[in-house]
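Before any comments, here is the structure.
Numbering (this note's numbering), first residue to last: 1 to 544.
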């Protein structure tokens, strides 16, 4: 039998696989048995009701090596992960004996089920109220504050004690620090204070640790709103301010500053700019607008235009660079040209030359990490003050033509050693606690560069004003924890357990927080947003 030229079985199959309302599938499941229930479960997961989602802000991993339990909470309301795939809880048992055991009737420690995720990408007023800003020496500073790191027990931790996890994965602090944190009531397991680090972790255990947090300063330049309507907010981002919370930055980010000072909340970042890059930055006000513009990005309907100042006399004719780019390290944030990298393309056109450096207009046709900076380095004209791609760590030619006379591990080691000696690890989004054995930064550097940097480390500390107060005797740390127990953890700028509180750092100069790369213009099918040309891009600029 045919209907409209098609066989009826084909029409039946098309009808069956056509998307169905959730109420229909649930009703069908109650009538048709297990197979329909399976279909219903699949639809729920596809609809995002059960599948874990990544919120804007910090990712839920421990890659950054914060003092304890991983990076800051994701942007927006706290979202806790669901059980991992293959580890779902079994169906409730009707056996009374088993139920009593599961509820802890035999004295076994009970692990509550994970909390449901809450939707949303915004921060609330309680997040903004954690601390406050103050301005000093051309810098925006954040007063130190207490902050809760939260995480569910990772799979590799199950069956291990807290003491084992801290001693093997969180070695930025000695074990006695964590023992003092227990005495001070800073550690919680399933929202109950931890009294013994020998407690063995179970799947779905929820850990919370209260730490004293310090954020690096950023420029005091204000964030100017270029445009705002019912769909988007467009700002001119100053250099040195991250877009959203990451690493050690939380309140000193564009998202937080807009929320606290401009009452612009629930924003969806439409693209990212490197922390040191300035210029046009767009946010959507709703998820629907965000998806629409991201679709335009995928369809190559969005054109981005940058301006930068590079070393030397850039060619007068238009230059196209199509060298593939490979990520050397996601943790350190370093890329290089490599045949095994991802394809990308950038157009360059010189605007001016002052006898020492050139102003160049850039059009990235793809969106690889550090694409403009890596391609300019390959062309032999790195950005004038690029702290990564214009470094002697790349060798005598500084990476021109892709010539790097060292392995990736040697390159990373030398880059980290250079910035460690300059006390500028924040440029690499690292801190001292990130220098774990997994990073290739040995204490005795085999290369001449790292050797020289480490020999100058003490002098650099004095020059940069990094002075450590009298070291705390670790044997007396537990005594200090008694003081910490009695300390009110509200609006406190010093903490007896905090090692950062014992360091006195000289502030960077505002000009040291600027890199000569600026997002000048973003153009789409129905919009165009332009920011002012920075001072260093003027034809008569002689600051180099």
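We put the CB at the ideal spot given by N, CA and C, even for glycine. Remember, it's a predicted structure, so these values are computed and weren't measured experimentally.
Using 8 Å for Cβ pairs, my map puts residue i next to residue j. What's the rounded Cβ distance?
i: residue 354; j: residue 536; result: In fact, because the Cβ distance is near 11 Å, the residues do not count as touching under 8 Å.
i: residue 223; j: residue 194; result: The Cβ separation is near 40 Å, so there is no contact.
i: residue 378; j: residue 321; result: 7 Å
i: residue 415; j: residue 388; result: 7 Å
i: residue 522; j: residue 227; result: Contact doesn't hold; Cβ gap of about 11 Å is too wide.
i: residue 221; j: residue 238; result: 4 Å
i: residue 513; j: residue 278; result: Actually they do not touch by this definition, with Cβ atoms about 10 Å apart.
Mapping DSSP to helix, strand and coil, what is residue i?
i: residue 391; result: coil
i: residue 157; result: helix
i: residue 193; result: strand
i: residue 373; result: helix
i: residue 202; result: coil
i: residue 298; result: helix
i: residue 325; result: strand
i: residue 364; result: strand
i: residue 397; result: coil
i: residue 256; result: helix
i: residue 538; result: coil
i: residue 177; result: helix
i: residue 246; result: strand
i: residue 291; result: helix
i: residue 510; result: helix
i: residue 421; result: helix
Is the beta carbon of residue i sitting closer than 8 Å to the one on residue j?
i: residue 364; j: residue 341; result: no
i: residue 147; j: residue 211; result: yes
i: residue 215; j: residue 142; result: yes
i: residue 361; j: residue 307; result: yes
i: residue 170; j: residue 190; result: no
i: residue 295; j: residue 358; result: no
i: residue 234; j: residue 264; result: no
i: residue 111; j: residue 202; result: yes
i: residue 177; j: residue 197; result: no
i: residue 123; j: residue 259; result: yes
Give the range of the beta strand (DSSP E) segment to which residue i is assigned.
i: residue 519; result: 517-524
i: residue 305; result: 303-311
i: residue 224; result: 224-228
i: residue 237; result: 232-237
i: residue 126; result: Not the beta strand (DSSP E): residue 126 falls in the alpha helix (DSSP H), residues 125-128.
i: residue 335; result: 334-337
i: residue 349; result: 346-353
i: residue 494; result: Residue 494 -> no beta strand (DSSP E), and no H or E assigned at all.
i: residue 141; result: 139-142
i: residue 151; result: 145-152
i: residue 527; result: 527-530
i: residue 215; result: Segment: none, residue 215 is in no beta strand (DSSP E) and carries neither H nor E.
i: residue 318; result: Element bounds for residue 318: n/a, residue is neither H nor E.
Let me know if residue i comes out buried or exposed under the rule of 16 or more other beta-carbons within 10 Å of its beta-carbon.
i: residue 534; result: buried
i: residue 375; result: buried
i: residue 186; result: buried
i: residue 504; result: exposed
i: residue 564; result: Given a span of 1 to 544 for the chain in the structure shown, any question on residue 564 remains unanswerable.
i: residue 56; result: Reliability fails at residue 56, whose pLDDT of 31 lies under 50, so the model's placement of it is uncertain and no value is given.
i: residue 525; result: exposed
i: residue 532; result: exposed
i: residue 150; result: buried
i: residue 125; result: exposed
i: residue 115; result: exposed
i: residue 165; result: buried
The alpha helix (DSSP H) spanning residue i covers which residue range?
i: residue 168; result: 162-169
i: residue 406; result: Run containing residue 406: none; DSSP gives neither H nor E here.
i: residue 279; result: Run containing residue 279: none in the alpha helix (DSSP H); it sits in the beta strand (DSSP E), 278-284.
Quick one: does residue i have its CB under 8 Å from some CB of chain C?
i: residue 196; result: In the displayed structure, chain C is absent; only one protein chain is listed.
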